[in-house]
Amino acid sequence: MICNDTQELLRFLTPAARVLGLDLGTKTIGVALSDVGLQIASPYSLISRKKFTRDIAELSAIVTKQNVGGIIIGFPRELDGTVGKACHRVYAFVDEMQNYIDLPILLWDERLSTNAVERILIEDVDMTRKRRAQVVDKTAAAYILQGALDNLNLHTDPGANPDDDDDEDEFGDEEA
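Counting from 396, one number per residue, gives the positions in the sequence shown under our numbering.
Shown next, in the form of structure tokens:
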């Protein structure tokens, strides 16, 4: 099932479930993983794309091993916000993936995420081109996932109980 926003995704997550972040490329899939508190995204692995069934098997193994309850996939809109060829590749991947992995999915706008990560790796970390090629996709997945986690936490009140009625005080009486 595709979720409309981070709050909808949150409603489907079980306690202590992690969220998987994916950066789908034509040659690789960058994989990132959240902590169980849904605060921090970390680069996890890089899947070299070969055959869809093998790629899905690797993702399924991660989902099971890491208690993943939801997936956030980078959605590469064009700079003007329109849906282009890369977005259609993501749609096709998600359509097929849902036949194998039954988790809520959120497509997250990832415009320029790889460029931002490349810039950080060059300017702040001073990483060589060869080493950047090995880490950029999984780091981009973490960048995408962190953006979604930040949004989720920005719009979530940690002290609120979703079952509470805002119009009633602790005794069940309506507040004036």
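Cβ coordinates follow ideal geometry from the N, Cα and C atoms, glycine included.
Under a Cβ-count criterion, where at least 16 other Cβ atoms within 10 Å of its own Cβ denotes burial, should P438 be classed as buried or exposed? buried
Do L502 and L405 have their CB atoms nearer than 7 Å? no
How about G416 and A436: do their beta carbons lie closer than 7 Å? yes
Could you check what DSSP says for Y439 in three-state terms: helix, strand or coil? strand
Got a sec: is the Cβ-Cβ distance from D497 to anything in chain D below 7 Å? This model lacks chain D altogether, as it is built from one protein chain only.
Between P410, K480 and L498, which lies nearest to D430 when the distance is taken from Cα to Cα? P410
DSSP on T375, reduced to helix/strand/coil? Nothing can be reported for residue 375, as the shown portion of the chain is limited to 396 through 571.
In three-state DSSP terms, what is D418? strand
At which residues does the alpha helix (DSSP H) containing L405 begin and terminate? T401 to F407
Backbone CA spacing between L433 and I451 [nearest angstrom]: 24 Å
For the alpha helix (DSSP H) containing A481, name the first residue and the last one. K480 to M492
Reduced DSSP category for R444 - H, G, I as helix; E, B as strand; rest coil: coil
Tell me whether D504 sits in a helix, a strand or coil according to DSSP, three-state version. strand
Identity of the residue in I397, Q402, M396 and A487 nearest L549 by Cα: Q402
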